[in-house]
Amino acid sequence: MHQWAKELFPICRSLTGDGVRETLSYIQKFVPELEVHSVPSGSMVFDWQVPQEWKISEAYILAPDGTKIIDYKDHNLHVLNYSTAVNEIMPLKELQQHLYSLPEQPDAIPYVTSYYAPRWGFCLTQNQRDSLKSGNYKVVIDSEHFDGELNYGEYYLPGESDEEVLISTYICHPSMANNELSGPVVTMALIQQLQQWKGRKYSYRFVFVPETIGAIAFLSQRLKEIKHRIIAGYVLTCIGDERNHSYLQSRMENTLSDRAAMHMFDYFAPNYCLYDYLSRGSDERQYCAPGVDLPIGSIMRTRYGDYPEYHTSLDDLNLVTASGLSGGLESVYKAIQLIEANAYYCVTVLCEPQLGKRGLYPTLSSMSLDYTDVRTLTNFITYCDGKHDLIAIAEKIKVNALELLPTLNRLLKEGLLVKVEENNVEIE
Amino acid sequence: MHQWAKELFPICRSLTGDGVRETLSYIQKFVPELEVHSVPSGSMVFDWQVPQEWKISEAYILAPDGTKIIDYKDHNLHVLNYSTAVNEIMPLKELQQHLYSLPEQPDAIPYVTSYYAPRWGFCLTQNQRDSLKSGNYKVVIDSEHFDGELNYGEYYLPGESDEEVLISTYICHPSMANNELSGPVVTMALIQQLQQWKGRKYSYRFVFVPETIGAIAFLSQRLKEIKHRIIAGYVLTCIGDERNHSYLQSRMENTLSDRAAMHMFDYFAPNYCLYDYLSRGSDERQYCAPGVDLPIGSIMRTRYGDYPEYHTSLDDLNLVTASGLSGGLESVYKAIQLIEANAYYCVTVLCEPQLGKRGLYPTLSSMSLDYTDVRTLTNFITYCDGKHDLIAIAEKIKVNALELLPTLNRLLKEGLLVKVEENNVEIE
Amino acid sequence: MHQWAKELFPICRSLTGDGVRETLSYIQKFVPELEVHSVPSGSMVFDWQVPQEWKISEAYILAPDGTKIIDYKDHNLHVLNYSTAVNEIMPLKELQQHLYSLPEQPDAIPYVTSYYAPRWGFCLTQNQRDSLKSGNYKVVIDSEHFDGELNYGEYYLPGESDEEVLISTYICHPSMANNELSGPVVTMALIQQLQQWKGRKYSYRFVFVPETIGAIAFLSQRLKEIKHRIIAGYVLTCIGDERNHSYLQSRMENTLSDRAAMHMFDYFAPNYCLYDYLSRGSDERQYCAPGVDLPIGSIMRTRYGDYPEYHTSLDDLNLVTASGLSGGLESVYKAIQLIEANAYYCVTVLCEPQLGKRGLYPTLSSMSLDYTDVRTLTNFITYCDGKHDLIAIAEKIKVNALELLPTLNRLLKEGLLVKVEENNVEIE
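Residue numbers (numbering that gives the first Met the number 0), protein chains in the order written: chain X, 0 to 427; chain C, 0 to 427; chain D, 0 to 427.
So this is what it looks like as structure tokens:
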């Protein structure tokens with residue numbers, strides 16, 4: 000994953016344009032089935048209009064002495080994303096109106112965008128800015144905005160059931176590692192894992208979209224078709240650093256996505272940060288909007304806005320590590336395992352089953368034995384009443400639901416349990 | 000308001016009689032539409048019988064040396080309220096059986112009543128009582144009980160809707176300021192404010208009743224007619240001192256009245272005292288009784304029983320101040336504003352609306368901007384799902400609902416929100 | 000009760016056999032109506048098979064020097080319960096494989112069973128065991144397993160209603176006092192108390208069963224018949240020591256049994272231990288199993304497993320005392336009183352009733368009076384709305400429901416309250 004991130008890092012992405020398409024092409028090398036969709040500039044998608052494409056060839060500043068002091072080819076954050084063109088000579092004072100830097104992080108180039116109002120500008124470190132001397136600067140941004148299309152990628156991986164899990168990540172930020180590439184590369188690895196999982200119940204839909212407008216465009220095309228099939232899902236973002244794990248709840252707060260992720264993290268990373276929906280900031284804003292109402296939370300390592308490198312050039316491949324990415328992937332995969340396993344089960348006999356004759360209970364009754372495992376087993380069985388689903392039982396009996404899976408499978412095989420629809424239970 | 004209270008202070012009110020009528024006449028000077036109703040003595044009102052009228056002309060005690068030591072004309076608390084007549088000479092020892100004072104508040108004349116058992120008596124300060132010397136005292140109470148009527152005032156202020164808010168206050172206590180006059184004068188001022196509010200939705204019913212029996216008489220005459228129209232309301236009492244603000248919940252605990260008052264106080268007076276219904280003590284006892292079931296709480300400054308001057312001559316116009324009264328009025332008015340504004344709203348577009356094109360969102364995306372207001376705005380919109388009413392949204396997003404009103408009106412005007420019936424929502 | 004326990008103590012009970020029958024016969028002396036049921040060995044009862052009878056005549060160990068060092072006639076815990084027969088001479092080393100003792104309680108003989116796998120063995124104190132010298136030991140257990148029957152006792156005490164309360168206790172442990180005899184003797188005393196209670200509403204079913212298999216056998220014979228008639232009930236076990244009181248909730252957690260016991264203990268023994276169903280360990284495991292779903296909790300003094308003498312010879316009649324037993328009985332009886340009294344009540348008049356004319360309210364209104372009782376009375380009445388049952392009202396108004404009973408009866412007599420079906424209320 001880290002290698003993929005390295006290769007994707009230099010591409011200058013924006014909401015639209017070549018950067019997005021180049022990124023999608025790269026992903027197709029590993030997920031050939033990925034379909035690339037396009038929506039023409041100017042199309043209305045719900046309340047929004049698809050913006051023009053942005054194409055940038057050059058962006059630099061020449062100092063009064065003619066040296067090139069800022070060049071977007073050094074770092075594509077140097078140019079205000081979606082900047083209009085400019086080719087002028089101007090005094091420093093006037094140039095300052097178009098410069099963006101962070102006084103409190105003097106070594107970081109900030110990430111600034113102006114998607115919905117025409118502006119030109121450069122981003123630079125505060126240190127660079129402070130070293131500028133008065134005089135006339137030549138500023139060149141050779142960019143174009145023109146009618147073209149907005150692109151997003153979609154991959155549908157069918158399962159036994161039509162019900163599906165939606166995984167969404169974004170591909171519109173230029174060279175940033177955690178708040179951009181961690182999402183797509185973890186999603187790519189997840190796709191490979193799920194492709195190999197035999198006996199998966201659910202279908203999976205993976206979307207790689209420009210944030211906000213891309214998610215809105217995707218929903219405007221697919222919502223009617225998929226709305227009632229999506230039973231859970233996550234936005235994956237900022238999922239590659241090593242600092243912590245985080246979960247941001249869906250607007251509905253108690254969906255299967257929320258329950259699975261929160262239960263999983265309680266055991267996988269008990270100190271994880273739990274955010275409510277008021278802390279939202281990525282495409283769950285669209286998926287959970289009123290009337291859309293999809294059960295989508297966000298699985299992250301350190302949440303956007305909660306780490307100092309966020310939206311700067313310091314959000315790079317030192318911050319995002321192989322280990323950070325694989326921890327992120329593992330958390331997503333475990334949440335999905337839980338979603339797959341979660342169901343209502345019901346014991347098939349009245350009263351406690353006789354576990355001894357099945358080799359599941361010690362034959363000697365004595366205070367000196369350790370009954371922990373058998374206790375977990377009987378606790379599990381006693382809440383298999385068709386009214387508690389697997390996660391609810393695990394929370395009730397205070398164990399990790401994923402660790403119940405071998406027991407669950409053994410009991411299903413013994414015929415002591417059956418899967419049921421909720422409350423649709425008739426024992427004996 | 001303080002002036003009104005001053006003028007009403009000397010009137011000797013009781014459950015029935017001239018004091019009540021004089022008080023209602025005074026109110027009619029400012030609220031000419033106030034109707035005065037009468038219920039004949041002896042009428043059954045639910046489980047109660049309307050008592051006779053009480054008329055008092057004189058009440059005094061002459062000391063053994065002939066000086067008038069107690070005279071109800073000095074302070075109408077001096078006579079046991081609803082006292083029977085007496086005209087006797089008796090030794091101090093016998094007189095003591097008929098005297099009421101407060102050893103722990105030696106300067107206060109207590110307020111004592113005997114409405115439902117015939118008794119005569121005088122109330123005086125402990126200091127006065129301690130100074131009485133043995134000897135024969137002449138005691139005179141020239142009072143009558145006779146069949147007459149019980150009176151209460153009612154004013155109905157129509158609004159756009161037949162649904163109404165009930166405001167109830169009482170007019171049966173003699174010269175006490177917080178635990179009597181604060182309620183009627185705040186109600187009078189509230190009437191004037193609501194009369195001037197254009198575009199009010201609800202109708203308002205104001206009742207000025209003798210406590211308990213008056214509220215019961217009112218309900219026995221009006222309950223059937225108004226029961227299903229009353230959507231909220233408050234008893235106003237003890238609402239004129241400067242010590243604190245208080246709210247006492249209705250029996251049902253989670254009515255619109257309760258939610259509006261509690262949310263309002265959380266911002267208006269965060270240290271306010273919240274009482275549950277077990278602490279009740281005024282006419283909410285009738286309004287919330289089983290089968291009556293009106294959603295009525297009580298808005299107060301310092302609750303009856305919780306201030307040392309309560310039910311004594313010290314509950315006077317030093318305790319109740321202009322500022323205390325206007326703070327009380329303000330709290331009631333704000334609660335009513337919230338009741339008026341509270342409704343279910345639903346966003347009219349799927350996904351987030353594009354706020355930028357409406358000038359509601361900054362066009363530049365940068366970490367350096369302050370997004371607090373825009374965050375409140377998007378938080379507000381995202382819970383406008385037809386399932387949360389305004390108060391619920393405000394609590395969810397942790398802001399003062401009253402401060403959301405300009406935003407709400409702007410969004411309604413932009414067509415981004417519509418008012419809906421709960422859960423009756425179809426977006427796009 | 001302590002005397003009964005003394006007489007029952009020496010009987011060598013097991014799951015099946017003479018010990019159980021002898022115990023039931025003893026109980027019949029005091030409860031002649033007790034029916035003794037039998038289920039043949041080998042019968043399937045739900046998922047279980049009724050085991051063979053176990054008959055034991057002799058069990059002892061002769062030391063190498065011929066002295067009898069262990070004899071089950073000294074204490075019937077000395078033999079592994081349900082032990083197979085043996086008659087051998089063997090070296091100490093081999094014998095050790097069949098000895099059970101408790102290193103941490105060197106003076107206690109442990110209670111060990113092997114019901115569902117054939118084994119022979121002896122239990123002894125650690126001190127005894129440590130004193131064994133090497134050499135050849137003669138071990139004799141003269142026991143038989145043969146097809147016979149499993150027995151349990153059942154007594155049905157009819158009431159006004161077909162609805163019934165189930166009381167279950169067990170009779171399969173040999174000489175142990177708290178974790179065996181306290182249950183049956185408290186049940187016997189409870190039967191005598193309930194037989195004398197005139198005007199009881201509910202019927203009562205008392206069962207004396209071998210733990211687990213006996214409860215399962217009973218349910219396999221009776222469940223269909225009684226399932227919808229049982230409205231509450233308790234397992235009585237470990238209910239004779241003086242250390243504490245305990246309640247273990249039913250699986251459904253909020254049944255009438257749970258609410259009555261927990262409310263009762265909040266006043267009767269506020270420091271009682273409350274256990275959730277995860278701490279279960281006796282026949283509530285069967286009664287509360289999914290599909291059985293009976294509302295059965297456990298009333299105890301110190302719970303099994305929570306006292307050091309548990310399942311050893313130290314669980315004797317010093318631990319269980321007359322005072323411990325009668326405290327246990329009292330708690331059960333009070334819980335039952337509450338179950339009997341619990342119902343929905345509704346006030347018959349609108350607004351507050353006039354209590355004064357019924358002598359229930361002071362005629363003088365003064366700050367100096369103590370209104371606690373009248374406050375409890377009015378609080379009680381105001382929640383008699385047909386939506387709160389007696390226990391719910393008591394919890395709402397923070398008083399002991401049992402102390403409300405005289406008030407309740409007085410109000411019923413005054414006609415101010417009527418018993419109603421929940422929510423089926425029409426006042427006036």
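Note that beta-carbon positions come from the ideal geometry of N, C-alpha and C, so glycine has one too.
None of the values given here were measured: they were computed from a predicted structure.
Buried or exposed: residue i, going by 16 or more other Cβ atoms within 10 Å of its Cβ?
{"i": "Phe-145(C)", "result": "exposed"}
{"i": "Ser-297(C)", "result": "buried"}
{"i": "Ser-160(D)", "result": "exposed"}
{"i": "Leu-359(C)", "result": "buried"}
{"i": "Asp-314(X)", "result": "buried"}
{"i": "His-77(X)", "result": "buried"}
{"i": "Ala-188(X)", "result": "buried"}
{"i": "Pro-289(D)", "result": "buried"}
{"i": "His-244(D)", "result": "buried"}
{"i": "Leu-411(C)", "result": "exposed"}
{"i": "His-227(X)", "result": "exposed"}
{"i": "Thr-124(C)", "result": "buried"}
{"i": "Ile-88(D)", "result": "exposed"}
{"i": "Asp-64(D)", "result": "exposed"}
Could you have a look at residue i and say whether DSSP puts it in helix, strand or coil?
{"i": "Arg-409(C)", "result": "helix"}
{"i": "Arg-204(C)", "result": "strand"}
{"i": "Lys-197(C)", "result": "coil"}
{"i": "Lys-223(D)", "result": "helix"}
{"i": "Trp-3(D)", "result": "helix"}
{"i": "Pro-102(X)", "result": "coil"}
{"i": "Pro-39(D)", "result": "strand"}
{"i": "Phe-145(C)", "result": "strand"}
{"i": "Asn-253(X)", "result": "coil"}
{"i": "Glu-402(C)", "result": "helix"}
{"i": "Phe-45(C)", "result": "coil"}
{"i": "Ala-428(C)", "result": "Absent from the structure is residue 428(C), since the part of chain C shown begins at 0 and ends at 427."}
{"i": "Asp-372(D)", "result": "helix"}
{"i": "Ser-13(X)", "result": "coil"}
Going by the DSSP bridge assignment, what does residue i pair with across the sheet?
{"i": "Val-417(C)", "result": "Cys-345(C)"}
{"i": "Cys-272(C)", "result": "Ser-245(C)"}
{"i": "Pro-109(X)", "result": "Thr-311(X)"}
{"i": "Glu-52(D)", "result": "Phe-145(D)"}
{"i": "Lys-92(D)", "result": "The partner list for Lys-92(D) (beta bridge, DSSP) is empty, contrary to what the question assumes."}
{"i": "Cys-122(C)", "result": "Tyr-99(C)"}
{"i": "Ser-297(X)", "result": "Val-234(X) and Leu-247(X)"}
{"i": "Gly-152(D)", "result": "Val-35(D) and Phe-207(D)"}
Pop quiz: residue i and residue j are said to be a contact at Cβ under 8 angstroms. What is the actual Cβ separation, rounded to whole angstroms?
{"i": "Ile-69(D)", "j": "Tyr-59(D)", "result": "6 angstroms"}
Between the stretch 319-329 of chain C and the stretch 6-22 of chain X, do at least 3 Cβ pairs fall closer than 8 angstroms? Contact fails: fewer than three Cβ-Cβ distances are below 8 angstroms.
Across the stretch 207-226 of chain D and the stretch 42-49 of chain D, are there enough close Cβ pairs to call them in contact, namely three or more that are closer than 8 angstroms? The stretch 207-226 of chain D, when compared against the stretch 42-49 of chain D, does touch it at the 8 angstroms Cβ threshold.
Residues of the stretch 207-220 of chain C in Cβ contact with chain A at a cutoff of 7 angstroms, in chain order, please. Protein chains X, C and D are contained in the structure displayed, whereas chain A is not.
Does the stretch 178-198 of chain D come close enough to the stretch 134-142 of chain D to have 3 or more Cβ pairs within less than 8 angstroms? The way I'd put it, the stretch 178-198 of chain D doesn't touch the stretch 134-142 of chain D; fewer than three beta-carbon pairs between them come closer than 8 angstroms.
Does the stretch 258-266 of chain X come close enough to the stretch 336-348 of chain X to have 3 or more Cβ pairs within less than 8 angstroms? In short, these stretches touch, since the Cβ pair count reaches three.
Cβ contact check for the stretch 196-211 of chain X and the stretch 161-171 of chain X: 3 or more pairs under 8 angstroms: When C-beta atoms of the stretch 196-211 of chain X are compared with those of the stretch 161-171 of chain X, three or more pairs fall below 8 angstroms, so the two segments count as touching.
Cβ pair count under 8 angstroms reaching 3, the stretch 302-309 of chain X against the stretch 392-399 of chain C: Between the stretch 302-309 of chain X and the stretch 392-399 of chain C there are fewer than three C-beta pairs closer than 8 angstroms, too few to call the two in contact.
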